[in-house]
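Notes for the one structure printed next.
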Amino acid sequence: MADFVARGSPAAPITPVVMSGGAGSRLWPVSRAAKPKQLHALTGDRTLLRRTVDRFAHAPDLFGAPIVVCGAAHEALVRAQFAGDPEPPRLILEPVGRNTAACAAVAAYWVAGSEGPDRLILLAPADHLVASPRAFAEAVRRAVPAAEAGDLVSLGVRPTHPETGYGYIRLGEPRGEVFEAARFVEKPDRETAERYLAHGGYLWNGGYFLFRADRMILEMERLAPEIFARAREAVDRGRPIDGGGLALDPAAFAAAPSDSIDYAVMEKAGRIAVAPLDAGWSDVGSWSSVWENARRDEGGNAVVGDVLTIDAHGCFIRSEGPMVAVAGARDLIVVATPDAVLVAPRQEAQKVKDIVARLLAMKRVELL
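Residues 28 to 395 in this note's numbering are what the sequence shown spells out, letter by letter.
Here is the structure:
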């Protein structure tokens with residue numbers, strides 16, 4: 028890997044590709060199949076998807092018009108997010124979910140054909156929070172020279188605590204303003220996460236990837252040929268939709284193996300770099316995380332909707348229907364929708380995924 032010291036805007040604006048196909052089941056009962064996490068306003072008055080797309084407008088010299096990849100079933104909800112915008116994002120509609128590797132393959136192939144094979148793509152999750160769009164743009168800007176030279180660049184988030192719910196990236200040798208990626212590591216146990224934090228040479232894998240379209244195509248053809256072949260077929264046989272977007276061919280895309288871009292490509296590719304990201308990032312992956320990122324009152328409570336608290340402290344309380352009253356509670360999560368109520372200690376927020384699994388086993392699909 029060469030040294031990359033230059034900074035500045037890329038030769039052509041980066042095409043952001045926003046992945047909006049996730050389910051967000053850890054935020055049940057609000058996030059559901061019909062309206063997943065990214066289509067809700069969880070920490071303010073804008074949805075996570077809207078905030079993600081708006082982030083790119085803070086650096087118009089760096090980012091071009093975004094593309095949103097979403098489920099075909101959510102097309103109307105996604106379009107409603109941008110109603111009235113002079114230039115709403117183009118949409119790529121997935122007939123079924125096939126994880127992030129197929130999404131990356133579709134994006135690389137479509138952008139290479141429509142905008143040029145050397146166009147830079149930023150693959151970005153739709154459901155994360157970034158407190159500082161300016162710091163985010165600067166991290167991407169530092170990664171541009173490496174990506175233009177042919178590296179697949181991951182944005183690695185500087186860890187703030189020993190998190191066991193994220194994958195990590197071990198930093199290798201510095202190369203200008205990025206680092207070689209020594210290795211990707213799985214979600215660690217608590218002791219290992221504490222060791223990573225003390226070491227200082229590990230970053231969280233934030234799920235953001237910057238690459239040239241043609242470089243991703245080459246790596247997909249080499250490392251995940253079946254995924255790429257089906258993605259290419261889904262694009263070639265797809266149909267145009269309003270706004271310059273594309274509906275992928277259902278049969279071809281459904282035949283693509285389901286895998287993450289991390290496992291399918293990033294952990295195996297030969298030229299991987301890491302650009303540190305320190306921009307107030309959160310994956311908003313649990314109700315506890317929503318509480319951490321929400322405005323709280325003097326008692327440390329974050330409340331949304333018709334809520335009354337008496338002598339409550341450190342609670343997250345949200346109602347999308349009935350009035351919810353909480354008295355004398357500490358560090359509690361209470362989330363009420365018209366047909367379901369969740370109550371859990373805040374430190375047990377990750378167990379929501381177990382509730383969802385149990386409901387699925389009980390065939391309570393009307394609640395999912």
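All residues carry an ideal CB built from backbone N, CA and C; glycine is no exception.
Since this is a predicted model, take the numbers as computed values, not measurements.
DSSP on residue i, reduced to helix/strand/coil?
i: arginine 242; result: helix
i: proline 201; result: strand
i: methionine 247; result: helix
i: valine 361; result: strand
i: asparagine 328; result: coil
i: valine 80; result: helix
i: arginine 373; result: helix
i: proline 40; result: coil
i: alanine 256; result: helix
i: arginine 264; result: coil
i: leucine 395; result: coil
i: valine 45; result: strand
Less than 6 angstroms between C-beta atoms, sequence neighbours within five positions excluded: which residues of the same chain meet that for residue i?
i: valine 331; result: Arg345
i: alanine 236; result: At residue 236 the sequence reads phenylalanine, which differs from the alanine that was named. Once the five neighbours on either side are set aside, the close Cβ partners of phenylalanine 236 are Leu150, Ser181.
i: glutamate 325; result: none
i: aspartate 333; result: Ser346, Met350
i: proline 152; result: Met46, Gly234
i: glycine 83; result: In the sequence as displayed, the identity of residue 83 is phenylalanine instead of glycine. Result list for phenylalanine 83: Pro43, Phe90, Pro93, in chain order.
Quick test of your reading: residue i and residue j, contact by CB under 8 angstroms. State the CB separation rounded to the nearest angstrom.
i: arginine 78; j: glycine 312; result: At roughly 16 angstroms, the Cβ-Cβ gap does not stay under 8 angstroms, so arginine 78 and glycine 312 are not in contact.
i: alanine 363; j: glutamate 347; result: 7 angstroms
i: leucine 230; j: tyrosine 195; result: 7 angstroms
i: glycine 183; j: glycine 233; result: 6 angstroms
i: alanine 279; j: alanine 302; result: Actually they are not in contact, since the Cβ atoms of alanine 279 and alanine 302 sit about 34 angstroms apart, beyond 8 angstroms.
i: alanine 376; j: isoleucine 360; result: 6 angstroms
Could you name the residues of the same chain whose beta carbon sits closer than 8 angstroms to that of residue i, not counting the 5 residues immediately before and after it, in chain order?
i: methionine 389; result: none
i: arginine 385; result: none
i: valine 379; result: Ser52, Arg53, Leu54, Trp55, Ser313, Trp314, Leu369, Ala371
Following the continuous beta strand (DSSP E) through residue i, name the residue where it begins and the one where it ends.
i: glutamate 218; result: No beta strand (DSSP E) holds glutamate 218; the alpha helix (DSSP H) holding it covers 217 to 226.
i: isoleucine 382; result: Segment 379 to 388 is the alpha helix (DSSP H) holding isoleucine 382; no beta strand (DSSP E) there.
i: alanine 151; result: 147 to 152
Within a Cβ cutoff of 7 angstroms, which residues of the same chain sit near residue i, ignoring the five residues on either side of it in sequence?
i: alanine 164; result: His85, Ala86, Leu89
i: alanine 306; result: Val157, Ala158, Ser159, Ala162, Phe163, Ala166
i: glycine 228; result: Arg197, Leu198
Counting along the chain, where does the alpha helix (DSSP H) carrying residue i start and finish?
i: alanine 397; result: This structure leaves residue 397 out entirely; the chain is present only between 28 and 395.
Task: Whole beta strand (DSSP E) elements within the stretch 269 to 357, 3-residue minimum - done: For the stretch 269 to 357, whole beta strand (DSSP E) runs of length 3 or above, ordered along the chain, are 272 to 274, 299 to 304, 329 to 331, 334 to 337, 343 to 346, 351 to 354.
Open item on the list: Please give me, in chain order, every unbroken run of the alpha helix (DSSP H) with length at least 4 that falls completely inside the stretch 154 to 211.
Closed with: If we require 4 residues or more, the alpha helix (DSSP H) runs fully inside the stretch 154 to 211 come out as 160 to 175.
- [ ] At 4 residues or longer, and completely inside the stretch 56 to 119: list those alpha helix (DSSP H) runs for me, N to C.
- [x] Entirely contained in the stretch 56 to 119, the alpha helix (DSSP H) runs reaching 4 residues are, in chain order, 75 to 83, 102 to 108.
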